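Below is one structure, written out as C-alpha cells, with a few remarks after it.
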Amino acid sequence: NAGVTQTPKFQVLKTGQSMTLQCAQDMNHNSMYWYRQDPGMGLRLIYYSASEGTTDKGEVPNGYNVSRLNKREFSLRLESAAPSQTSVYFCASSDWITDGVLAKNIQYFGAGTRLSVL
Amino acid sequence: DAKTTQPTSMDCAEGRAANLPCNHSTISGNEYVYWYRQIHSQGPQYIIHGLKNNETNEMASLIITEDRKSSTLILPHATLRDTAVYYCIVRERQTSYDKVIFGPGTSLSVIP
Chain Y
63 NAGVTQTPKF
73 QVLKTGQSMT
83 LQCAQDMNHN
93 SMYWYRQDPG
103 MGLRLIYYSA
113 SEGTTDKGEV
123 PNGYNVSRLN
133 KREFSLRLES
143 AAPSQTSVYF
153 CASSDWITDG
163 VLAKNIQYFG
173 AGTRLSVL
Chain E
11 DAKTTQPTSM
21 DCAEGRAANL
31 PCNHSTISGN
41 EYVYWYRQIH
51 SQGPQYIIHG
61 LKNNETNEMA
71 SLIITEDRKS
81 STLILPHATL
91 RDTAVYYCIV
101 RERQTSYDKV
111 IFGPGTSLSV
121 IP
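In order, the protein sequence lines correspond to chains Y and E.
Residues 63 to 180 in our numbering are what the first sequence spells out, letter by letter.
Residues 11 to 122 in our numbering are what the second sequence spells out, letter by letter.
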C-alpha cells in the first residue's frame, strides 16, 4: 500500500519554464490537497479538491493550476515558473470516517517535491 | 476557518513530558482539533484529534478545555526523535468543501 505518491522528487527549472507535479493516492480518498512549504515556514494551501470533479483555491493559488484527473490523481501545474515558486510541494489526501462517536478526517502526505526555479 | 495560535518554539528535556499548547478561541461547535507533526523535511504525520473530550493514543494525549477554546498536546516521555514541528489545526466540515489550513506550528526541540 503506497499511500500518496508524488513525482518527481526533485526538479530544477529555469524562469518561464512550465511543469506539472503529479500526485496519486491509492486509499480511495475523496479529498486531495496541494501545499507549498518555504524554508522555515509552515505549510500553505495552494489548491484542494473536495471530491472528484471539483477544485477550489486555497491560500496561495496565484501562478498555479490544478487538475483532478480522476479520484486517484491530482496534478499541480506551473505555467510559467518564477523564482518565488522555489519551494517544497506536498500533496495530501483524506476522507471522513465515522469511528464510533468521533468522526475523523486524517490527511496522509506524500514525501514532497523539491522544486528550484533559477 | 477558525484559526489557531501556537508558540513559535519550545524546548523539552529528554524523558520529560512535552506540553504543547494551542489556542483556538473562535472554534465552533462542530469543529475538531487535530494535531500533526513534521519531522525534518518529511511530509506531516497525524498524531491525534478530538472534539470535546480528552483523547489518548499510543503517541500522545490531547487535553481540550471545557470551553474548547484551547488544547494541549502531551508527549508523555519525549525522546530525541520527537524533535519536530507540531501543528495544531481546527478542522471544519462543509457540505461543499473541506479546506484545511496549517499555521506555522511549534518547533519542539528535545534536549539530551
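Ideal placement from N, C-alpha and C gives every residue a C-beta, glycine not left out.
Small disclaimer: the values here were computed from a predicted structure and weren't measured.
In terms of Cα proximity to L140(Y), the closest of Q79(Y), G104(Y) and D157(Y) is Q79(Y). Rounded to the nearest angstrom, the Cβ distance from S117(E) to V95(E) is 5 Å, consistent with a contact under 8 Å. Between the segment 20-27 of chain E and the segment 115-130 of chain Y there are fewer than three C-beta pairs closer than 8 Å, too few to call the two in contact. For the segment 64-98 of chain Y, the full-length beta strand (DSSP E) segments reaching 3 residues or more read 66-69, 72-75 and 81-87 along the chain. Rounded to the nearest angstrom, the gap between the Cα atoms of N40(E) and Q48(E) is 26 Å. In the three-state reduction of the DSSP assignment, R130(Y) falls in the strand class, which pools E and B.
Under the DSSP definition of a beta bridge, T116(E) partners with Y96(E). In this model, Y109(Y) and K76(Y) are separated by some 23 Å (Cα to Cα).
Per DSSP, the beta bridge partners of H59(E) are Y44(E).
By the C-beta density criterion, I159(Y) is exposed, having fewer than 16 other C-beta atoms within 10 angstroms.
For the options P114(E), I57(E), C22(E) and E102(E), the alpha carbon positioned closest to that of T36(E) is the one of E102(E). Here L180(Y) carries a coil assignment [DSSP, helix/strand/coil].
Interface annotation, A64(Y): not in contact with chain E, CB-CB separation never under 9 Å.
Here Y151(Y) is near Y97(Y), since their CB atoms are less than 9 Å apart. Assigned with DSSP and collapsed to three states, P17(E) falls in coil, not helix or strand. The Cβ atoms of A143(Y) and L177(Y) sit closer than 9 Å to each other. Close CB contacts of V120(E) within its chain, under the 6 Å cut and outside five residues either way in sequence, are with C22, E24, A88, L90, D92 and T93 (chain order).
Within chain E, no residue has its beta carbon less than 8 Å from that of E114(Y); the closest one is some 13 Å off. A buried status is given to K166(Y), since no fewer than 16 other beta-carbon atoms sit within 10 Å of its beta-carbon. Here the segment 43-58 of chain E makes contact with the segment 67-81 of chain E; the two share three or more CB pairs at distances below 8 Å. Here the alpha carbon of S38(E) sits roughly 18 Å from the alpha carbon of Q16(E). As the crow flies, the alpha-carbon of M81(Y) is around 44 Å from that of R78(E).
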